[in-house]
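Peer 1:
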Amino acid sequence: MKAMVIDSSSLISISLNDLLWTLPILKEKFNGEMFITESVKNEIINVPIKSKRFKLEAMQILSLLGKGTIKIYKNDELRAKADRITELINSIYSANDHYIKIVQKAEIESLILSSMLDCTFVVDERTTRLVVEDPKIMAKILSEKLHTEIRVNEKNLNMFRMEVHNVPIIRSVELMTIAYKLGVMNAYLNPATSKIISIDLKKTLLDGLLWGLRLRGCSVSTEEINGIMTLNGF
Amino acid sequence: MKEAIRKDILDILRDSIRAIKRDDIVRLRELSDHTLHSSTIYQDEESTAIAVIVYSLFKIYEKNLMQASKEWLQFNDAIIKLLDSAYNSFIRAEIAQYRIAIKKIFETISKFEKSFGKFVTEVVEQSKIKKGSKLVEHGLSIGRTAELLGVSRWDLMSYLGISNYAENEPRSISIKERMKIAERLFK
Numbered sequence: 311m312k313a314m315v316i317d318s319s320s321l322i323s324i325s326l327n328d329l330l331w332t333l334p335i336l337k338e339k340f341n342g343e344m345f346i347t348e349s350v351k352n353e354i355i356n357v358p359i360k361s362k363r364f365k366l367e368a369m370q371i372l373s374l375l376g377k378g379t380i381k382i383y384k385n386d387e388l389r390a391k392a393d394r395i396t397e398l399i400n401s402i403y404s405a406n407d408h409y410i411k412i413v414q415k416a417e418i419e420s421l422i423l424s425s426m427l428d429c430t431f432v433v434d435e436r437t438t439r440l441v442v443e444d445p446k447i448m449a450k451i452l453s454e455k456l457h458t459e460i461r462v463n464e465k466n467l468n469m470f471r472m473e474v475h476n477v478p479i480i481r482s483v484e485l486m487t488i489a490y491k492l493g494v495m496n497a498y499l500n501p502a503t504s505k506i507i508s509i510d511l512k513k514t515l516l517d518g519l520l521w522g523l524r525l526r527g528c529s530v531s532t533e534e535i536n537g538i539m540t541l542n543g544f
Numbered sequence: 025m026k027e028a029i030r031k032d033i034l035d036i037l038r039d040s041i042r043a044i045k046r047d048d049i050v051r052l053r054e055l056s057d058h059t060l061h062s063s064t065i066y067q068d069e070e071s072t073a074i075a076v077i078v079y080s081l082f083k084i085y086e087k088n089l090m091q092a093s094k095e096w097l098q099f100n101d102a103i104i105k106l107l108d109s110a111y112n113s114f115i116r117a118e119i120a121q122y123r124i125a126i127k128k129i130f131e132t133i134s135k136f137e138k139s140f141g142k143f144v145t146e147v148v149e150q151s152k153i154k155k156g157s158k159l160v161e162h163g164l165s166i167g168r169t170a171e172l173l174g175v176s177r178w179d180l181m182s183y184l185g186i187s188n189y190a191e192n193e194p195r196s197i198s199i200k201e202r203m204k205i206a207e208r209l210f211k
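So the sequence lines, in the order shown, correspond to chains A and B. According to the numbering used here, the first sequence holds residues 311 to 544 in order. According to the numbering used here, the second sequence holds residues 25 to 211 in order.
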């Protein structure tokens, strides 16, 4: 089954940029399933729906669930495994003989699901991504920020890597760049706008898209944004 | 409780009282960052709460508008007394009493800011998000930080976007490679 698992961090970035409307179109083009876990549903719907500030965004995501664009993946095995792996990750890095709890179960549940389904994980959150892709960088960040030696429990790290490996990860910026590339964002390119302001509409749109996602929480650097802007075809 | 945490908290309480008495707002702000390392490593309630309290006090004391209010003197006296009480309880290892003083400081801040209606709202909530962004910067995930501080991920993500937290960090894979992963997904 072709699928992607979306973490709450990416759905929040996409939602805060008013880009949720692109997901049904992307789903059609990608011809696969978009999954979230039960815990993610709680974070992006159940919690904000009780608040005033993000109630509308929660309703908009709820509508995508109602339409079946995004599906909730329920699995008891997943929850049990997430408990175990969260504990494992939180026992990898230590400072002053104390393990640092760096992740939360909900984030790891999505990661485990991606691993179980052998599919791409969409996550804007930095820590989860680094633990999977380069755990040594994570140790370096912790050490530099905390000005202290960070010990890595290699045994726990290896156990984690045996459980979760080769999960391809992208962020909302890559997903939305694909949407741009596939022409989904052409809805914003009205030729009449060139009479209002003299700019390179396509380039400005991509730049605005990437900066919008970054400024609403996606962990992407200026260098990476510039990198996307200079890739072939843009 | 680890001796390092205990010492940090005592130093912060003592120095915050001094800073308030001397009207040293800059020092108050500096102090709010002092427990961040303990908060990241040990994630104890005390280190996290004191960081939020001191930052909230900084946000209040920096505003001249608040100091001109009729409630100001009463608020200022109450805060100094409560910080003193927290310090004395903590030094005597009376943790239950210490926690009561901390709770009262939160309540006093909340009551005071409510008297300003729309001008200043939710100082404590904003401080939690601000300190939360620092914990993320130090390496905790957004979810873990939200859980620890009792804030929503939505608020935290909104704030993190403007905080530049991941700007100069090493990359695990290049943007070119990551774009390829995304492109493969749509082939």
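By construction, the Cβ of each residue, glycine as well, lies at the ideal position given by its N, Cα and C atoms.
I need the boundaries of the beta strand (DSSP E) containing residue 311 of chain A, first residue and last residue.
Peer 2: Locating residue 311 of chain A in the first sequence gives position 1, counting from the first residue. Unbroken run through residue 311 of chain A: none, as it is neither H nor E.
Peer 1: Could you check if residue 143 of chain B is buried or exposed, using at least 16 other CB atoms within 10 Å of its CB as the buried criterion?
Peer 2: In the second sequence, counting from the first residue as 1, residue 143 of chain B sits at position 119. Residue placement at residue 143 of chain B is flagged as unreliable, the pLDDT there being 48, under the threshold of 50; a coordinate-derived value is accordingly withheld.
Peer 1: If distances are taken between C-alpha atoms only, which option among B/211, B/26, B/209, B/130 comes closest to residue 117 of chain B?
Peer 2: By one-based count along the second sequence, residue 117 of chain B stands at place 93. The shortest Cα separation from residue 117 of chain B among B/211, B/26, B/209, B/130 belongs to B/26.
Peer 1: Would you tell me roughly how many angstroms separate the C-alpha atoms of residue 359 of chain A and residue 348 of chain A, rounded to the nearest one?
Peer 2: By one-based count along the first sequence, residue 359 of chain A stands at place 49. By one-based count along the first sequence, residue 348 of chain A stands at place 38. When rounded, the distance between both Cα atoms is 15 Å.
Peer 1: Which residues, in order along the segment 459 to 480 of chain A, keep a beta-carbon less than 8 Å from a beta-carbon of chain B?
Peer 2: Within the segment 459 to 480 of chain A, the residues whose Cβ lies closer than 8 Å to some Cβ of chain B are 478, 479, 480, listed in chain order.
Peer 1: Three or more beta-carbon pairs under 8 Å between the segment 395 to 414 of chain A and the segment 442 to 461 of chain A, yes or no?
Peer 2: Cβ pair count under 8 Å is three or more, so yes.
Peer 1: Mind listing the chain B neighbours of residue 326 of chain A? Cutoff is C-beta to C-beta under 9 Å, in chain order.
Peer 2: If you number the first sequence from 1, residue 326 of chain A lands on position 16. Per Cβ cutoff of 9 Å: 178, 181, 182, 185.
Peer 1: Which chain A residues sit within Cβ distance under 7 Å of residue 193 of chain B?
Peer 2: Numbered from its first residue, the second sequence carries residue 193 of chain B at position 169. Neighbours of residue 193 of chain B on chain A, chain order: 451.
Peer 1: According to DSSP, which residues form a beta bridge with residue 404 of chain A?
Peer 2: In the first sequence, the residue the question calls residue 404 of chain A occupies position 94. Answer by DSSP bridge pairing, in chain order: A/409, A/461.
Peer 1: Please look up how many angstroms separate the CB atoms of residue 316 of chain A and residue 355 of chain A, rounded, as I've assumed it's under 8 Å.
Peer 2: Here residue 316 of chain A refers to the residue found at position 6 of the first sequence. Here residue 355 of chain A refers to the residue found at position 45 of the first sequence. Actually they are not in contact, since the Cβ atoms of residue 316 of chain A and residue 355 of chain A sit about 13 Å apart, beyond 8 Å.
Peer 1: Per the DSSP calculation, residue 344 of chain A is bridged to which residue(s)?
Peer 2: Taking the first residue of the first sequence as 1, we reach residue 344 of chain A at position 34. Residue 344 of chain A is bridged to A/314, A/380.
Peer 1: Mind reading off the beta-carbon distance from residue 184 of chain B to residue 527 of chain A? Whole number of angstroms is fine, and I expect it under 8 Å.
Peer 2: Residue mapping note: residue 184 of chain B aligns to position 160 of the second sequence, counting from 1. Residue mapping note: residue 527 of chain A aligns to position 217 of the first sequence, counting from 1. Yes, residue 184 of chain B and residue 527 of chain A are in contact; Cβ-Cβ is about 5 Å, under 8 Å.
Peer 1: State whether the segment 178 to 196 of chain B contacts the segment 85 to 96 of chain B, with contact taken as three or more CB pairs (one from each stretch) at a distance under 8 Å.
Peer 2: Not touching, per the Cβ criterion.
Peer 1: Under the DSSP definition of a beta bridge, which residues are partnered with residue 432 of chain A?
Peer 2: Stepping through the first sequence from its first residue, residue 432 of chain A is reached at position 122. Its beta-bridge partners are A/316, A/480.
Peer 1: Please report the straight-line C-alpha distance between residue 39 of chain B and residue 55 of chain B, rounded to a whole angstrom.
Peer 2: Walking along the second sequence from the start, residue 39 of chain B turns up at place 15. Walking along the second sequence from the start, residue 55 of chain B turns up at place 31. Using only the alpha carbons, I get a separation of about 8 Å.
Peer 1: Judging by CA-CA distance, which residue of A/436, A/520, A/469, A/517 is the nearest neighbour of residue 398 of chain A?
Peer 2: Here residue 398 of chain A corresponds to residue number 88 of the first sequence, with the count starting at 1. Of the candidates A/436, A/520, A/469, A/517, the one whose C-alpha sits nearest the C-alpha of residue 398 of chain A is A/469.
Peer 1: State the Cα-Cα distance for the pair residue 384 of chain A and residue 126 of chain B, rounded to the nearest angstrom.
Peer 2: Counted from its first residue, the first sequence places residue 384 of chain A at position 74. Counted from its first residue, the second sequence places residue 126 of chain B at position 102. Each residue's alpha carbon lies about 41 Å from the other.
Peer 1: Are residue 148 of chain B and residue 80 of chain B close, meaning C-beta to C-beta below 8 Å?
Peer 2: Walking along the second sequence from the start, residue 148 of chain B turns up at place 124. Walking along the second sequence from the start, residue 80 of chain B turns up at place 56. Taking 8 Å as the Cβ cut-off, residue 148 of chain B and residue 80 of chain B qualify as a contacting pair.
Peer 1: Which same chain residues, not among the five before or five after residue 325 of chain A, have their C-beta less than 7 Å away from its C-beta?
Peer 2: As a first step, residue 325 of chain A is located in the first sequence; it is residue number 15 there, counting from the start. Around residue 325 of chain A: 367, 370, 371.
Peer 1: Is there a Cβ of chain A sitting closer than 8 Å to that of residue 190 of chain B, yes or no?
Peer 2: Residue mapping note: residue 190 of chain B aligns to position 166 of the second sequence, counting from 1. Answer yes: the Cβ-Cβ gap between residue 190 of chain B and chain A drops below 8 Å somewhere.
Peer 1: Considering only C-alpha positions, which residue in the set B/205, B/210, B/176, B/209 is nearest to residue 352 of chain A?
Peer 2: The count along the first sequence starts at 1 and reaches residue 352 of chain A at position 42. If we check each option's Cα against that of residue 352 of chain A, B/176 comes out closest.
Peer 1: Can you tell me whether DSSP reads residue 210 of chain B as helix, strand or coil?
Peer 2: The residue given as residue 210 of chain B occupies position 186 in the second sequence. Looking at residue 210 of chain B - three-state DSSP - the assignment turns out to be coil, as it is neither helix nor strand.
Peer 1: In or out: residue 539 of chain A buried (at least 16 other Cβ within 10 Å) or exposed?
Peer 2: Here residue 539 of chain A is taken as the residue at index 229 of the first sequence, counted from 1. Residue 539 of chain A is exposed by the Cβ-count criterion.
Peer 1: Helix, strand or coil: how does DSSP classify residue 363 of chain A here?
Peer 2: In the first sequence, residue 363 of chain A corresponds to position 53, counting from 1. Three-state DSSP puts residue 363 of chain A in coil, outside helix and strand.
Peer 1: Do you know offhand how far residue 49 of chain B's Cα is from residue 76 of chain B's?
Peer 2: Sequence index remark: in the second sequence, residue 49 of chain B carries index 25 (1-based). Sequence index remark: in the second sequence, residue 76 of chain B carries index 52 (1-based). In a straight line, the C-alpha of residue 49 of chain B is about 15 Å away from that of residue 76 of chain B.
Peer 1: Return helix, strand or coil for residue 194 of chain B, following the three-state DSSP convention.
Peer 2: The residue you call residue 194 of chain B lines up with position 170 of the second sequence. Three-state DSSP puts residue 194 of chain B in coil, outside helix and strand.
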